[in-house]
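Student: Counting from 1, position 120 in the sequence shown corresponds to residue 120 in my numbering; the numbering is continuous, with no gaps.
All C-beta atoms in this analysis are idealised placements derived from N, C-alpha and C, irrespective of residue type, glycine included.
All values derive from a computational prediction rather than experimental measurement.
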Amino acid sequence: MNISVEHQIPFSSPPAEWLRIFIIILFVLITIIGVIGNGFVLICILSKDMKTRRSPTNLLLMNMSCADLLLLIFNVFDIVQLARDSSWPTRWMLGEALCKIVRFSQVVGCYVSVQTLFVISVER
């Protein structure tokens, strides 16, 4: 059973329209900048020769970049959800299966980013 579907947080009133629009614009900007930045990281590392590309630091940076891209791509569903329904975050309108997949992928992306950052700091 999905706890997020069963136990929704009751809000007394929906958020103000200006706040919702501000959050949508902020999410879109963060997503665009994040995808471009992480894409550049991957392109820079992948454009190097094979020996340099397979160094531990470069592999960890590629891993972190891929985890960040995973998180950013699945945040698009939150943007769509927020744009479609003003009662966000109380109801998920995109289906129960997509709710579970998106939330799982977001949590995994966060954990992979944090653990990769930890390994980079230990490796240094």
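1) Would you decide whether Met50 is buried or exposed? Buried here means 16 or more other CB atoms lie within 10 Å of its CB.
2) Which one of Lys48, Trp18, Ile24 has the shortest CA to CA distance from Val76?
3) Taking the continuous alpha helix (DSSP H) assigned at Ala141, which residues delimit it?
4) Does the distance from the C-beta atom of Gln115 to that of Phe74 stay below 8 Å?
5) Express the C-alpha separation of Leu59 and Val122 in angstroms, rounding to a whole number.
6) Taking the continuous alpha helix (DSSP H) assigned at Lys100, which residues delimit it?
7) By a C-beta neighbour count over all protein chains shown, 10 Å radius and 16 as the cutoff for buried, is Leu29 buried or exposed?
Tutor: Taking the geometry as given:
1) The residue given as residue 50 occupies position 50 in the sequence shown. Counting Cβ neighbours within 10 Å, Met50 comes out exposed, since fewer than 16 surround it.
2) By 1-based counting over the sequence shown, the position of residue 76 is 76. Of the candidates Lys48, Trp18, Ile24, the one whose C-alpha sits nearest the C-alpha of Val76 is Ile24.
3) It is not possible to answer for residue 141, since the shown part of the chain is limited to 1 through 124.
4) Here residue 115 is taken as the residue at index 115 of the sequence shown, counted from 1. Here residue 74 is taken as the residue at index 74 of the sequence shown, counted from 1. Pairing Gln115 with Phe74 gives a Cβ-Cβ distance that is not under 8 Å.
5) Mapped onto the sequence shown, residue 122 falls at position 122. Mapped onto the sequence shown, residue 59 falls at position 59. Cα-Cα distance, rounded: 14 Å.
6) Walking along the sequence shown from the start, residue 100 turns up at place 100. Lys100 -> alpha helix (DSSP H) spans 96-123.
7) Your numbering for residue 29 matches position 29 in the sequence shown. Exposed, because fewer than 16 other Cβ atoms sit within 10 Å of the Cβ of Leu29.
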